[in-house]
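In our numbering, the protein residues as written are 2 to 300.
Written out below as structure tokens is the structure these notes cover.
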Ligand code: KDG
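Printed below as a string of structure tokens:
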């Protein structure tokens, strides 16, 4: 049984403490928008599958080992190309620069075959894809298109997060590619500045992330909103993916739109208040921790 199938590139991730030009110690972990969502959902007890391609290298092993350790099921293929890398340079607690070393990477070789293999294992309740994968290569775009097509055919809910990355393509290119895909999408997720990329569309459920101003959702003409939790920001990278994990978790648990938003903003708050993209994401029993008084110790 699969609750959510997602696909994309997960990279080796290096994080330094100060500006890159100063060098110094770096911490090695993994990062990828879709696998961040997968980890967030798995922590909340959902059955998640990630489809992707890694290199036959140590970083590829780190990616697979990390996802397996987080209880994410894998439809992972290896290829001789190197696993991609992302370098995070946090300049302040809420402003981070990234460098990519992912052109021609193993992850960009994702193909329709990989998606079909994942569907052959089981039909997911939700298929979740992002604009990042669409920008990686022709075959990766084909993989996203196929995942949406197969999801529609099988009656899965299809979720699409625009996740625009200016280092991968222009907003114009993104719009041209993403708009036709949205005809088959059930849940569109975007931050407010990404919404113009979607253009005029007919997606029935539109979720908008407003960062520290919370989130809104419009379902069939009605709108709900939820504020963000007030937390001390330590590292905001991955907050959007964490929100998506919480929102999709709410959808799986049949929460109403307001409840889905609340779960999204709660999971996002954990991402903001802890270092790393996914390391601090909550389990189900953690979800209520943010209701405690700041400074509480649970004994
Ligand atoms: O938001 C965090 C992720 O997007 C990050 O882990 C890296 O997937 C990533 C990307 O392609 O930028």
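In this text, a Cβ means the ideal position worked out from N, Cα and C, and glycines have one as well.
Rounded C-beta distance between residue i and residue j? I'm assuming under 8 Å.
| i | j | result |
| --- | --- | --- |
| residue 50 | residue 119 | 6 Å |
| residue 76 | residue 127 | So it is not a contact: roughly 16 Å between Cβ atoms. |
| residue 53 | residue 111 | 6 Å |
| residue 215 | residue 199 | Actually they are not in contact, since the Cβ atoms of residue 215 and residue 199 sit about 20 Å apart, beyond 8 Å. |
| residue 21 | residue 90 | 5 Å |
| residue 82 | residue 106 | 6 Å |
| residue 115 | residue 237 | Residue 115 to residue 237, Cβ: 31 Å. No contact. |
| residue 26 | residue 15 | The Cβ separation is near 10 Å, so there is no contact. |
CB residue i to CB residue j, shorter than 8 Å?
| i | j | result |
| --- | --- | --- |
| residue 57 | residue 79 | yes |
| residue 242 | residue 278 | yes |
| residue 44 | residue 276 | no |
| residue 195 | residue 244 | no |
| residue 252 | residue 263 | no |
| residue 33 | residue 2 | no |
| residue 10 | residue 109 | yes |
| residue 31 | residue 67 | yes |
| residue 303 | residue 101 | Given that the chain is displayed from residue 2 to residue 300, the structure contains no residue 303 and the question cannot be resolved. |
| residue 99 | residue 87 | yes |
| residue 239 | residue 272 | yes |
| residue 178 | residue 135 | yes |
| residue 38 | residue 129 | yes |
| residue 55 | residue 97 | no |
How is residue i classed by DSSP in three states: helix, strand or coil?
| i | result |
| --- | --- |
| residue 302 | It is not possible to answer for residue 302, since the shown part of the chain is limited to 2 through 300. |
| residue 1 | The shown model of the chain, from 2 to 300, leaves out residue 1, and the question about it has no answer. |
| residue 266 | helix |
| residue 56 | strand |
| residue 172 | helix |
| residue 88 | strand |
| residue 166 | coil |
| residue 238 | coil |
| residue 216 | strand |
| residue 258 | helix |
| residue 103 | coil |
| residue 300 | coil |
| residue 71 | coil |
| residue 131 | strand |
| residue 125 | strand |
| residue 160 | strand |
| residue 140 | helix |
| residue 50 | strand |
| residue 275 | coil |
| residue 243 | helix |
By alpha-carbon positions, which one of the options ends up nearest to residue i?
| i | options | result |
| --- | --- | --- |
| residue 259 | 102, 96, 217 | 217 |
| residue 248 | 104, 47, 124, 150 | 47 |
| residue 158 | 18, 291, 250, 270 | 250 |
| residue 288 | 296, 266, 66, 280 | 266 |
| residue 231 | 270, 143, 39, 29 | 270 |
| residue 182 | 29, 208, 221, 131 | 131 |
| residue 233 | 143, 286, 274 | 274 |
| residue 162 | 209, 174, 184 | 209 |
| residue 292 | 229, 257, 246 | 229 |
| residue 141 | 113, 154, 123, 150 | 113 |
| residue 206 | 212, 197, 213, 185 | 185 |
| residue 121 | 69, 202, 59, 151 | 151 |
| residue 93 | 39, 69, 19 | 19 |
| residue 133 | 23, 143, 125 | 143 |
| residue 201 | 257, 211, 189 | 189 |
| residue 1 | 23, 153, 29 | In the structure as shown, the chain starts at 2 and stops at 300, and residue 1 therefore has no counterpart that could be examined. |
| residue 154 | 124, 171, 176 | 124 |
| residue 172 | 192, 193, 197 | 197 |
| residue 285 | 297, 294, 268, 298 | 268 |
| residue 35 | 156, 145, 17, 299 | 145 |
| residue 257 | 235, 246, 225 | 225 |
| residue 174 | 156, 212, 139 | 139 |
| residue 170 | 137, 193, 300, 5 | 137 |
For a cutoff of 8 Å on Cβ pairs, would you count residue i as touching chain B?
| i | result |
| --- | --- |
| residue 85 | The displayed structure is made up of one protein chain only, and chain B is not part of it. |
Is any non-hydrogen atom of ligand 2 found closer than 7 Å to the C-beta of residue i, if you look at the structure I gave you?
| i | result |
| --- | --- |
| residue 257 | Summarising the ligand content, the structure contains ligand 1 and does not contain ligand 2. |
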